[in-house]
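Enquirer: In my numbering, the protein residues as written are 1 to 169. One structure, pasted below without further comment.
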């Protein structure tokens, strides 16, 4: 009955299985006002975001993109890559061929891997920039698909891809 600007669901990403988190969202969300923002606190793999939006969540926050980047885990539209893997040592392609971030347009996988292996701070910075750009792009594409009525197709296409390791070619 309190008139809040939005409503938060929290405490669901601290060790509980993902399925339990989704069950709790499904149980709580129908009781939240439809005209207020629904905020899922501290949750944020790309698939968690897609699942949250699918369940009526509007807003997210998470350290995932920056923390994972600092460990060499980079998000792409084909899945996750660990840039520290030896297979990227001489890979001259961008992190993600379909990404237009400043990192992907200027630097290779091999270069970013080299920087991280050399413990060069620039490697951390470039990895974080890429992941944050990916997350911004993800949210932009989600908003566009909601606006044009294609979210269900977008959701079905990317849920099976985004939390998996990207195929190495």
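Note that beta-carbon positions come from the ideal geometry of N, C-alpha and C, so glycine has one too.
Could you tell me the alpha carbon to alpha carbon distance between residue 122 and residue 79, rounded to whole angstroms?
Expert: 23 Å
Enquirer: In angstroms, rounded to a whole number, what distance separates the CA positions of residue 67 and residue 128?
Expert: 8 Å
Enquirer: Which residues does DSSP list as the beta-bridge partners of residue 40?
Expert: 9 and 60
Enquirer: If the criterion is Cβ atoms closer than 9 Å, does the pair residue 170 and residue 103 meet it?
Expert: Because the chain spans 1 through 169 in this model, residue 170 falls outside it and cannot be assessed.
Enquirer: Can you tell me whether residue 213 is buried or exposed? The criterion is at least 16 other CB atoms within 10 Å of its CB, across all chains shown.
Expert: The shown model of the chain, from 1 to 169, leaves out residue 213, and the question about it has no answer.
Enquirer: Could you give the uninterrupted runs of the beta strand (DSSP E) lying entirely in the region 59-104, keeping only those of 3 residues or more?
Expert: 73-76 and 79-82
Enquirer: Does the distance from the C-beta atom of residue 71 to that of residue 84 stay below 9 Å?
Expert: yes
Enquirer: Hey, how far is the Cα of residue 11 from the Cα of residue 27?
Expert: 15 Å
Enquirer: Put residue 106 into one of helix, strand or coil per three-state DSSP.
Expert: Of the three classes helix, strand and coil, the one that applies to residue 106 here is coil, per DSSP.
Enquirer: Report the option in 4, 140, 49 and 33 whose CA atom is closest to the CA atom of residue 18.
Expert: Out of 4, 140, 49 and 33, 49 has the C-alpha closest to the C-alpha of residue 18.
Enquirer: Look at residue 130 and residue 159 and say whether their C-beta atoms are less than 9 Å apart.
Expert: Not closer than 9 Å, so no.
Enquirer: Taking only the alpha-carbon atoms, compute the straight-line gap between residue 41 and residue 111 and give it to the nearest angstrom.
Expert: 35 Å
Enquirer: Measuring CB to CB, does residue 113 end up less than 9 Å from residue 89?
Expert: yes
Enquirer: Run through the DSSP bridge pairs and tell me what residue 165 is partnered with.
Expert: 80
Enquirer: Taking the alpha-carbon positions, what's the residue 4 to residue 36 distance?
Expert: 8 Å
Enquirer: Evaluate residue 44 with the Cβ neighbour count: other Cβ atoms within 10 Å of its Cβ, from every protein chain shown; 16 or more gives buried, anything less gives exposed.
Expert: buried
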